[in-house]
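Below: the structure, in structure tokens.
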Amino acid sequence: MAIENSPRPVVRLRGIVKRFAGVTVVNGVDLDLFAGQVHVLAGENGAGKSTLMKVLAGIHKPDAGTIEIDGEQRSFDVRTAKVAGIALVHQELLIAPNLSVADNLAMGREYRTGLGTLNRRRTRERAREQLARVGATFPETERAEHLSTGQQQLVEIARSIADNPKVLIFDEPSAALSAREVANLFRIVEEQRAAGTAIVYITHRMDEIEKLADVVTVLRDGKFVETLPIAEASPEAIVTRMVGRPIEALFSENRPPAGEVVLDVSDLGDGENIGPISLEVRAGEVVGMAGLVGSGRTEFARLVFGADEAKTGTVRIDGELLRSTSPMGAMRAGVALVPESRKDQGLVLGESIAQNVVMASFGSVSSAGVIRSRAVKKVTDSERTRMGIKSPRDMKVRQLSGGNQQKVLLSKWLQTNPKVLILDEPTRGVDVGAKADIYAIINAIAAKGVAVLVISSELPELLGLVDRIVVMREGRLVAAFPNVDLTEEAVMQHAFGVPSTQTSSNPILSKKALS
Amino acid sequence: MSTTTTAPPSVPPVGDARRSAFRQFLDRSDQLGIGVALVLLVVLMAIIAPYFWSVNNLLEVMRQVSAIAILAAGGTFVILTAGIDLSVGSALGVTAMVAIVLSSADAPAIVSIVGALAAGAVIGAINGVFISRFALPAFIVTLAALTFLRGFVYVGTGGTTLIPDSIGYGWIGQDSILGVPYAVVIMLVVYVVGWFVLNRTVFGRQVMAIGGNAEAARLSGIPVRRVIFLVYVISGLTAGVAGLIVASRLESAVPDLGTGYELNAIAAIVLGGTSLAGGRGSLVGTFIGAIFIAVITNGMTLLNVQSFYQQIIMGFVILLAVLIDRLRRGTAGD
Numbered sequence: 005m006a007i008e009n010s011p012r013p014v015v016r017l018r019g020i021v022k023r024f025a026g027v028t029v030v031n032g033v034d035l036d037l038f039a040g041q042v043h044v045l046a047g048e049n050g051a052g053k054s055t056l057m058k059v060l061a062g063i064h065k066p067d068a069g070t071i072e073i074d075g076e077q078r079s080f081d082v083r084t085a086k087v088a089g090i091a092l093v094h095q096e097l098l099i100a101p102n103l104s105v106a107d108n109l110a111m112g113r114e115y116r117t118g119l120g121t122l123n124r125r126r127t128r129e130r131a132r133e134q135l136a137r138v139g140a141t142f143p144e145t146e147r148a149e150h151l152s153t154g155q156q157q158l159v160e161i162a163r164s165i166a167d168n169p170k171v172l173i174f175d176e177p178s179a180a181l182s183a184r185e186v187a188n189l190f191r192i193v194e195e196q197r198a199a200g201t202a203i204v205y206i207t208h209r210m211d212e213i214e215k216l217a218d219v220v221t222v223l224r225d226g227k228f229v230e231t232l233p234i235a236e237a238s239p240e241a242i243v244t245r246m247v248g249r250p251i252e253a254l255f256s257e258n259r260p261p262a263g264e265v266v267l268d269v270s271d272l273g274d275g276e277n278i279g280p281i282s283l284e285v286r287a288g289e290v291v292g293m294a295g296l297v298g299s300g301r302t303e304f305a306r307l308v309f310g311a312d313e314a315k316t317g318t319v320r321i322d323g324e325l326l327r328s329t330s331p332m333g334a335m336r337a338g339v340a341l342v343p344e345s346r347k348d349q350g351l352v353l354g355e356s357i358a359q360n361v362v363m364a365s366f367g368s369v370s371s372a373g374v375i376r377s378r379a380v381k382k383v384t385d386s387e388r389t390r391m392g393i394k395s396p397r398d399m400k401v402r403q404l405s406g407g408n409q410q411k412v413l414l415s416k417w418l419q420t421n422p423k424v425l426i427l428d429e430p431t432r433g434v435d436v437g438a439k440a441d442i443y444a445i446i447n448a449i450a451a452k453g454v455a456v457l458v459i460s461s462e463l464p465e466l467l468g469l470v471d472r473i474v475v476m477r478e479g480r481l482v483a484a485f486p487n488v489d490l491t492e493e494a495v496m497q498h499a500f501g502v503p504s505t506q507t508s509s510n511p512i513l514s515k516k517a518l519s
Numbered sequence: 000m001s002t003t004t005t006a007p008p009s010v011p012p013v014g015d016a017r018r019s020a021f022r023q024f025l026d027r028s029d030q031l032g033i034g035v036a037l038v039l040l041v042v043l044m045a046i047i048a049p050y051f052w053s054v055n056n057l058l059e060v061m062r063q064v065s066a067i068a069i070l071a072a073g074g075t076f077v078i079l080t081a082g083i084d085l086s087v088g089s090a091l092g093v094t095a096m097v098a099i100v101l102s103s104a105d106a107p108a109i110v111s112i113v114g115a116l117a118a119g120a121v122i123g124a125i126n127g128v129f130i131s132r133f134a135l136p137a138f139i140v141t142l143a144a145l146t147f148l149r150g151f152v153y154v155g156t157g158g159t160t161l162i163p164d165s166i167g168y169g170w171i172g173q174d175s176i177l178g179v180p181y182a183v184v185i186m187l188v189v190y191v192v193g194w195f196v197l198n199r200t201v202f203g204r205q206v207m208a209i210g211g212n213a214e215a216a217r218l219s220g221i222p223v224r225r226v227i228f229l230v231y232v233i234s235g236l237t238a239g240v241a242g243l244i245v246a247s248r249l250e251s252a253v254p255d256l257g258t259g260y261e262l263n264a265i266a267a268i269v270l271g272g273t274s275l276a277g278g279r280g281s282l283v284g285t286f287i288g289a290i291f292i293a294v295i296t297n298g299m300t301l302l303n304v305q306s307f308y309q310q311i312i313m314g315f316v317i318l319l320a321v322l323i324d325r326l327r328r329g330t331a332g333d
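Structure (structure tokens):
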């Protein structure tokens, strides 16, 4: 750390309260931010982390409490917060996809010529400088829609640090990044710390806390729980404070031996970037699919499910050829896909829990096209019990926490009684408590003889949960391992394509995966 | 709320559950604003124009609005899927023209009735095919239909008023049963059936799901294209019903019959709290919205407001009603 902690904090929040529609989301939180310090905010989804930071950034007006900047009490809107040196890198990226990177960077502070027209040369020069600062390698003339999520985020960060803010807030910045992009992000955070910026970093991930944090503050249910210096912030200490109870084992161990092959994918591909891929999953088996973001895991799952059309290869369920290339056909054959983005692809946010739960299985709760509302209630209540969802069944899904939304989505697909269950990032943006519940449900489903394929970017999750791991890289399956004494490093080497030093123990498979 | 919560009250309230009651009230009160406004309006009218509050006048208000309200019922299905049907005014013109042309050829009443309904369904099917199968924007397809269907009305009527010697279904638009005009009865039947389809059938729930999140609906195995096709058929069918009511009342077809009705229907839908973005709204709201428009029109007539000024006032009333609705919901957060 380049700069000593100054005795006076840059930002002093006292007793911040924020309510939405009468619901207290942030409840009397105090927080001090110091120059040159990375302050991690940890807490389950819905703990109030993002809301608290949006109050600081002037997006929300606090209902009570004070904000002091450099000892001076202030009240903010978005513009004055910016002028005061507070920059927020949003969780949802605020990028205009139709504009170039340079135009995105200049948005709201367009450079003009003496005549008042846009100064395009100055805009581009400035954009190049900003991109260089964040280590971006793409040109400033690129249209934003052609960038990956990670690259778009670099644009967002470049924009945020352009004015050398006093306080820089990252809201779960690594959620959709590949490992390489995360490394670059860490470098940026460390440079900003060295430059004396006070940094707030919201995250769920323990490894990030260990790598970055100087202090960790835990919030729970909108309340301040504790601020820990990093030396005392062990993962156990943080998790215990986040959930208010210790989590024993997230994963269950003994799973009975797998049965017959249920999902048999052979040479499946989209004719372009994905495949040919062959993979077998047996009844009662949980197979994990690892790989970098963009390695084609989601695309593969969509091909199996018929959400996108396969150009090559076959899918067999219980030995029977799946001829249809639509989600409807795949569902009829017993395939369920819990998609990556529950908000875009999974749930109808404006509908109730009950309506979402039965959405993929209307046939079983209706007669002659007429819904039997008693059946809907029964099904929904049994799912609420199974999943541990306490919210009432008529509640709109939009109002649920990420964890409960994911449970509703899982319920919807379990209601189709699948033989094959594919889960794409089933615990993304889900708090620790809900994660444990979801793992338990996956284990229970597998125990009933369902073939399960889990796609995940969290290797500890895969290593804890699955029987076998297959690795994808650049649209192909490049490795498969039984999950015995497997290390994250071994899997990552294949995901990155780094020549392995232990090839003998980790067989690389070009065509047929182990089964 | 009518829900049962399994969590015992002693458990500290989970954030989700605690939010529910208030938010659900707000969610369900989408029609509340316009409903309250309607009540106030009716009270106001009853005070300043005593004749307003007479059974005859109230039934007349309902009869006058029946065609628009029926169009709006079909249009609600379309808008709930985040679509739009601009062609219903012209479609009404076509179906009325078909009924009258058939009558002119001395066809029996039942043939005219079936002919008009079939014409409506076919028009809806044409819209639906272009929108669902060829994935053209609904706005453009139905705007084109608005134009070419109007052309058909001119062709069919020869550009003049077409008056058959007699029609066998004049009762639809002119007679009453137990003092209630048939047109009003038909309107109520359309709404009851529509409400049942929307709220109690798989199809209705699929409409809501598609409007709320089309991609999630597709990945849930919902036949998205078929449902979208069908909502336009429904919209065409309701145009047929409305066309019959208008034709039977006038016992004739005029070339510009139904011009502009689509905008009144959409106004009724929006006033009723249905979101043009799809997925949120109800037929109850649409019904109240339609009655609201009818009461204002009727009230201004009773107060001898000139028809030119009526238009100006109506435009601003719609703007104001939607603005109030937005402000009211804006306070709910999000």
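Here the protein sequences come in this chain order: G and Z. If you use our numbering, the first sequence corresponds to residues 5 to 519, in order. If you use our numbering, the second sequence corresponds to residues 0 to 333, in order. Every residue, glycine too, gets a C-beta built ideally from N, C-alpha and C.
Between the CA atoms of Val316 (chain Z) and Ser306 (chain Z) - distance to the nearest angstrom: Near 15 Å, if we compare the C-alpha coordinates of Val316 (chain Z) and Ser306 (chain Z).
DSSP three-state assignment for Ala400 (chain G), whether helix, strand or coil: The sequence as given places Lys at residue 400 (chain G); Ala does not occur at that position. If DSSP states are grouped into helix, strand and coil, Lys400 (chain G) belongs with the strands.
Three-way DSSP call (helix, strand, coil) for Thr84 (chain G) in this model: In this structure, Thr84 (chain G) counts as helix in the three-state DSSP scheme.
Same chain, Cβ closer than 8 Å to Met399 (chain G), five either side skipped, listed in chain order: Within the same chain, Met399 (chain G) has close Cβ partners Ser356, Ile357.
Chain-ordered chain G contacts of Phe76 (chain Z) [CB-CB under 9 Å]: Chain-ordered listing is empty here: chain G has no CB closer than 9 Å to the CB of Phe76 (chain Z), the nearest sitting near 15 Å.
Within chain Z, partners of Ser370 (chain G) - CB distance below 8 Å: Correct list: Thr200, Val201.
Cross-chain neighbours of Asn212 (chain Z) in chain G, by beta carbon under 9 Å: Around Asn212 (chain Z), the beta-carbon contacts reaching into chain G at under 9 Å are Lys347, Asp348, Gln349, Gly350, Leu351, Val352, Leu353, Gly354, Glu355.
Start-to-end residues for the alpha helix (DSSP H) that takes in Arg306 (chain G): Bounds of the alpha helix (DSSP H) holding Arg306 (chain G) are 301-309.
Contact check, Ile90 (chain G) vs Ala68 (chain G), beta carbons under 8 Å: Ala68 (chain G) is positioned such that its CB atom lies no closer than 8 Å to that of Ile90 (chain G).
Leu45 (chain G) (DSSP reduced to helix, strand or coil): In the three-state DSSP reduction, Leu45 (chain G) falls in the strand class (E or B).
Per-residue DSSP class, three states only, for Phe500 (chain G): Of the three classes helix, strand and coil, the one that applies to Phe500 (chain G) here is helix, per DSSP.
Backbone CA spacing between Val297 (chain G) and Lys65 (chain G) [nearest angstrom]: When the Cα atoms are used, Val297 (chain G) and Lys65 (chain G) turn out to be separated by approximately 36 Å.
Counted within 10 angstroms of its Cβ, other Cβ atoms place Ala276 (chain Z) as buried (16 or more) or exposed: That one is exposed.
Supposed contact pair Val21 (chain G) and Met246 (chain G) - C-beta distance, whole angstroms, cut 8 Å: At roughly 21 Å, the Cβ-Cβ gap does not stay under 8 Å, so Met246 (chain G) and Val21 (chain G) are not in contact.
Same chain, Cβ closer than 7 Å to Thr285 (chain Z), five either side skipped, listed in chain order: So the qualifying residues of the chain are Ala71, Ala72, Thr75, Ala267, Ile268, Gly271, Thr273.
Run of the alpha helix (DSSP H) containing Asp225 (chain G), from where it starts to where it stops: For Asp225 (chain G), there is no enclosing alpha helix (DSSP H), since its DSSP letter is neither H nor E.
Contacting positions in the region 278-312 of chain Z - beta carbon closer than 9 Å to chain G: Residues of the region 278-312 of chain Z with a C-beta atom less than 9 Å from some C-beta of chain G are Gly278, Arg279, listed in chain order.
Assigned secondary structure, Met476 (chain G) (DSSP; H/G/I helix, E/B strand, else coil): Here Met476 (chain G) sits in strand by DSSP.
CB contact below 8 Å: Lys416 (chain G) versus chain Z: Taking Cβ atoms only, chain Z reaches closer than 8 Å to Lys416 (chain G), which makes this a yes.
Residues near Asn126 (chain Z) by beta carbon distance below 8 Å, same chain, minus five either side: Closer than 8 Å at the Cβ level, and outside the excluded window around Asn126 (chain Z), lie Asp84, Ser86, Ala137, Val140, Thr141, Ala144, Tyr231, Ser234, Gly235.
Alpha-carbon spacing of Ile251 (chain G) relative to Leu37 (chain G), whole angstroms: Unreliable placement is indicated for Ile251 (chain G), whose pLDDT of 48 sits below 50; the coordinate value is still reported in the next sentence. The alpha-carbon atoms of Ile251 (chain G) and Leu37 (chain G) are separated by roughly 30 Å.
Pair within 8 Å by beta-carbon distance, Asn487 (chain G) and Leu467 (chain G): Cβ atoms of Asn487 (chain G) and Leu467 (chain G): closer than 8 Å.
Phe133 (chain Z) (DSSP reduced to helix, strand or coil): Three-state result, Phe133 (chain Z): coil.
Within 8 Å, strictly: CB atoms of Val193 (chain G) and Ile206 (chain G): Against a cut-off of 8 Å, the Cβ pair of Ile206 (chain G) and Val193 (chain G) comes out as no contact.
Partner residues on chain Z for Pro430 (chain G), Cβ-Cβ distance less than 8 Å: Within chain Z, no C-beta atom comes less than 8 Å from the C-beta of Pro430 (chain G); the nearest is roughly 15 Å away.
Closer than 7 Å: Ile227 (chain Z) CB and nearest the ligand HEM heavy atom: The model on display carries no ligand, and the ligand HEM is accordingly not part of it.
Inter-stretch contact at 8 Å, needing at least 3 Cβ pairs: the region 298-305 of chain Z / the region 105-119 of chain Z: Contact fails between the region 298-305 of chain Z and the region 105-119 of chain Z, because fewer than three Cβ pairs, one in each stretch, are under 8 Å apart.
Cβ-based neighbour list, Ile69 (chain Z), same chain, cut-off 6 Å, excluding 5 preceding and 5 following: For Ile69 (chain Z), where only same-chain residues beyond five positions count, the Cβ hits under 6 Å are Met186, Val189, Thr237, Val240, Ala241.
Residues near Glu313 (chain G) by beta carbon distance below 6 Å, same chain, minus five either side: Contacts found: Thr329.
Beta-carbon proximity of Ala451 (chain G) to Gly288 (chain G), cut-off 8 Å: Cβ distance < 8 Å, so Ala451 (chain G) and Gly288 (chain G) count as in contact.
Short CB-CB distance (under 8 Å) between Gly123 (chain Z) and chain G: Interface annotation, Gly123 (chain Z): not in contact with chain G, CB-CB separation never under 8 Å.
6 Å CB neighbourhood of Gly501 (chain G) in its chain, flanking five on each side removed: Cβ neighbours of Gly501 (chain G) beyond the five flanking positions: Arg477.
Within chain G, partners of Ala208 (chain Z) - CB distance below 9 Å: Chain-order list of chain G residues neighbouring Ala208 (chain Z): Val352, Glu355, Gln359, Asn360, Met363, by C-beta distance under 9 Å.
Among Z:Ile311, Z:Ile323, Z:Val294, the one whose alpha carbon lies nearest that of Val64 (chain Z): When Z:Ile311, Z:Ile323, Z:Val294 are compared, the shortest CA-CA separation from Val64 (chain Z) is found for Z:Val294.
Contact the region 44-55 of chain G vs the region 224-236 of chain G: 3+ CB pairs below 8 Å: Contact between the region 44-55 of chain G and the region 224-236 of chain G is present, because at least three Cβ pairs lie under 8 Å.
Secondary structure of Thr316 (chain G), DSSP reduced to three states: Thr316 (chain G) falls in the strand class under three-state DSSP.
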